[in-house]
Amino acid sequence: MHIAIIGAGISGLLTALELVEQGCQISIFDQQQAGQAASWAGGGILSPMYPWRYPQAVNTLAQYGKSMYQTWNEKLLPITGIDFEIHDTGMLIFDEDDFDIGLNYAKRNQEPMQQAEYLKHNALAQINPWIDPKFQHAIYFPELSNIRNPRLLQSIVAYLKQHPLVNFVEQTHIIKFQIQSQKVLSAIDQHGNKIHADQFVIATGAWSQHWAQQLNLDIPVHPVQGQMVLFKAPAHWLPTMCMNKVMYLIPRQDGHIVCGSSMAHCGFDTTPDAKTQQNIVDACLEMVPELAQFPIVKQWAGLRPSSPTGVPYIGCIPEINNLWMNVGHFRNGLCMGPASAQLLRQLMLKQSTRIDPMPYSPERLNTEQLIIS
Ligand SMILES: Cc1cc2nc3c(=O)[nH]c(=O)nc-3n(C[C@H](O)[C@H](O)[C@H](O)COP(=O)(O)OP(=O)(O)OC[C@H]3O[C@@H](n4cnc5c(N)ncnc54)[C@H](O)[C@@H]3O)c2cc1C
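Residue 618 is where the sequence shown starts when you use the working numbering, and the numbers rise one by one after that.
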């Protein structure tokens, strides 16, 4: 079976990986260089922030992120030579209003990754000595990890590019589909070239609304800008991830510390601005004042593919038999990525699914359209 995938962010790349491992022939397209959009810009926390604030359908996909990435890293590393560093740091959360609800969530769910404990000041200082003493207590999630997402993308791209069943096409903008009798015959690029395949997958992140008009569907996926600031400290300087008021610090193994993030609706603008950058720095220095001694080495913004509830659309597009989608992962596309791609592969190949596909069905698009109209 030949499958054409449009979009080479984490959603498209992992879908390609899942399908090629089942013997499918893959053509994957991106309008720019692969793996440079939201999936590059993200922080790589392998859990929704404050999981109790999300629908269960988000947490169901996210719970498999870490173990599936471990498996993929073991498989890809010997071939690509790129370790995407699943960094087991744990996470401290300082939002006092979330203490009880977070601890109860951990108790109720018994999910290994979401185990949590309450830390008083002494225990907190032992786990992370750089926390400002004004934070007298915290809740601690010892099993939470982060992934070095730019390397993750590099690794998958390198693996797919050397695979004999994969045709990897960058700088190619897919404009529209040629559809007849509820079937896509081809996808058409900016030069008018027709790409033929048996099945087609839309994995176009924040750009996914582009398809709404042609498919006569409401696709409520919009770009939501998030900015980041990167510090460079010595390796292993900051022992844990830290979070307060939706701002966070994410330590990498080599001492880089990713700090974020903001939320802004400003179309497809990816220019960081001084005020937002300062807000991020202030929020992170409030948690870890000693960070101020280290240099800022990079700043950027990325476009999250928002969806109304953060639950992605995964499955067959209504009324078209061979067109699928894997879009709308909003703030959690990296942690939901592996299970989302696995679910789509199982649906496409008519295999039994690990999780119930219903909450993710693109049939919701029709219902949402009815509600809106
Ligand atoms: C600042 C920030 C922090 C984040 N932190 C985290 C985190 O800690 N943990 C987490 O799980 N998630 C996080 N996220 C969210 C996560 O990054 C996204 O949900 C995820 O990357 C979305 O992946 P995607 O493949 O759907 O989209 P993208 O990575 O944006 O990829 C879509 C691709 O499709 C291509 N494309 C679009 N239209 C076309 C077309 N017509 N033809 C050809 N190609 C096309 C684009 O060029 C792009 O490469 C964060 C996001 C941001 C911005």
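The beta-carbon is built from N, C-alpha and C at its ideal position, and this holds for glycine as well. Owing to the predicted nature of the structure, the values given are computational and were not obtained by experimental measurement.
Looking at residue i and ligand 1, is the gap between the Cβ and the nearest heavy atom below 6 Å?
i	result
Asn949	yes
Thr688	no
Gly809	no
Arg921	yes
Asp705	no
Gly626	yes
Ala674	no
Trp824	yes
Met880	no
Asp890	no
Ser924	no
Ile836	no
Phe785	no
Thr677	no
Given a cut-off of 7 Å, decide if residue j and residue i are closer than it, judged by their beta-carbon atoms.
i	j	result
Gln844	Ser879	yes
Gln870	His704	yes
Leu902	Ala909	yes
Ser924	Val838	yes
Ile645	Phe785	yes
Phe794	Val783	no
Val863	Trp941	no
Gly652	Ile867	no
Ala742	Ile756	no
Ser656	Phe701	no
Going by DSSP in three states, residue i sits in which element: helix, strand or coil?
i	result
Gly624	coil
Asn739	helix
Gly877	strand
Asn745	coil
Ile710	strand
Asp705	strand
Phe758	strand
Leu866	strand
Ile972	coil
Ile699	coil
Glu980	helix
Tyr618	Contrary to the premise, residue 618 reads as Met rather than Tyr in this sequence. Correct three-state label for Met618: coil.
Glu728	coil
Gly629	helix
Can you give the beta carbon distance from residue i to residue j, rounded, assuming they're within the 8 Å contact cut?
i	j	result
Gly822	Ser628	7 Å
Lys849	Pro912	6 Å
Ser803	Leu663	Wrong, their Cβ atoms sit about 37 Å apart, outside the cutoff.
Asn943	Thr632	6 Å
Thr857	Leu709	5 Å
Pro672	Thr926	5 Å
Which runs of the beta strand (DSSP E) spanning at least 3 residues fall entirely within the region 777-848, listed in chain order?
783-786, 791-797, 800-806, 811-813 and 816-819
Unbroken alpha helix (DSSP H) runs of length 4 or more, entirely within the region 880-958: which are they?
891-904
Go through the region 631-688 residue by residue and report every complete run of the beta strand (DSSP E) that reaches 3 residues or more, in order.
642-646
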